[in-house]
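Asks:
In our numbering, the protein residues as written are 1205 to 1436.
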């Protein structure tokens, strides 16, 4: 249900699952269900409730000694802080998630946490640290063969390098992302990459060609808001 965005329908199911797990003393199932309830609360904008549930889940995960769940929960708590612009607390919790991920060699979790840290550093204006975190995440996604995420990371790195004035590196990252996105038919990512290449091009005719390619893709996939933005 959660995968399909059916949040209202999911809540009573999760509450029944939680009650059953509590009755049976199944702490692992309790923990996982509370995490999902916290996600539900976050989705509807109730961050304090989400934070409280995650703290409850963390206590259970520590009680049963499940380090993987602890790492996931620390990362989720970091996200609740980030959404409230409480960046030092977010970083502290993401760092705890990294420590656990490194100890468990959980590369998928590490890559996601690097992405979260990058977003926080970007919000703080620390683009150099954002780039560092994004490069670490990119290396892991490439190692894991997750080319979809890798293409998105190349796009983000291109934007970061552009923001720092490193235009050659920005173009290199965007072209690497485009090579993947076109091969995998990731149309939305390709449209974003072409648009960002247009933003960097110093030669007007070349920029127009990039924008037109971006527009063609967005019109084909029905991204009307994106089309509107491209014409602004």
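Think of the CB as a built atom: it goes at the ideal place given N, C-alpha and C, for glycine as much as any other residue.
Is the beta carbon of residue 1317 sitting closer than 8 Å to the one on residue 1279?
Replies: Going by C-beta atoms, residue 1317 is nearer than 8 Å to residue 1279.
Asks: Could you pull the start and end residues of the alpha helix (DSSP H) that residue 1332 belongs to?
Replies: Run containing residue 1332: 1331 to 1348, per the alpha helix (DSSP H) assignment.
Asks: Measure from the alpha carbon of residue 1311 to the alpha carbon of each residue in 1290, 1284, 1344, 1319, then state which is nearest.
Replies: Comparing Cα positions, the closest option is 1344.
Asks: Jot down the residue ranges of each uninterrupted alpha helix (DSSP H) in the segment 1286 to 1337, minimum 4 residues, whole runs only, in chain order.
Replies: Whole alpha helix (DSSP H) segments, 4+ residues: 1291 to 1308, 1311 to 1327.
Asks: In whole angstroms, what separates the C-alpha of residue 1298 from that of residue 1313?
Replies: Spanning the two alpha carbons is a distance of roughly 11 Å.
Asks: Expressed to the nearest angstrom, what Euclidean distance is found between the alpha-carbon atoms of residue 1282 and residue 1376?
Replies: If I take the Cα positions, the gap works out to 32 Å.
Asks: Rounded to the nearest angstrom, what separates residue 1339 and residue 1390 at their Cα positions?
Replies: Their Cα atoms are separated by approximately 21 Å.
Asks: DSSP state of residue 1358, grouped into three classes?
Replies: If DSSP states are grouped into helix, strand and coil, residue 1358 belongs with the helices.
Asks: Using CA coordinates, which residue listed in 1270, 1361, 1309 is at the minimum distance from residue 1347?
Replies: For the residues 1270, 1361, 1309, the minimum Cα distance to residue 1347 belongs to 1309.
Asks: Mind checking whether residue 1349 and residue 1400 have CB atoms under 8 Å apart?
Replies: No; because the gap between Cβ atoms is not below 8 Å, this pair is not in contact.
Asks: Measuring CB to CB, does residue 1265 end up less than 8 Å from residue 1254?
Replies: No, these two residues do not count as a Cβ contact at 8 Å.
Asks: By the DSSP assignment, the alpha helix (DSSP H) with residue 1233 in it spans what residues?
Replies: That run of the alpha helix (DSSP H) goes 1231 to 1247.
Asks: Can you check whether the CB of residue 1393 is closer than 8 Å to the CB of residue 1334?
Replies: In this structure, residue 1393 does not lie closer than 8 Å to residue 1334 by Cβ.
Asks: What does the alpha-carbon distance come out to for the pair residue 1214 and residue 1233?
Replies: Distance between the alpha carbons of residue 1214 and residue 1233: 16 Å.
Asks: Determine the closest residue to residue 1382 out of 1369, 1372, 1357, with distance taken between C-alpha atoms.
Replies: Measuring from the Cα of residue 1382, the nearest candidate turns out to be 1357.
Asks: What do you get for residue 1380, buried or exposed, if any count of 16 or more other CB atoms within 10 angstroms of its CB means buried?
Replies: Buried, by the Cβ-count rule.
Asks: Taking C-alpha atoms, which residue in 1237, 1287, 1384 lies nearest to residue 1250?
Replies: The shortest Cα separation from residue 1250 among 1237, 1287, 1384 belongs to 1287.
Asks: Grouping DSSP H, G and I as helix and E and B as strand, with all else coil, what is residue 1214?
Replies: Three-state DSSP puts residue 1214 in a helix.
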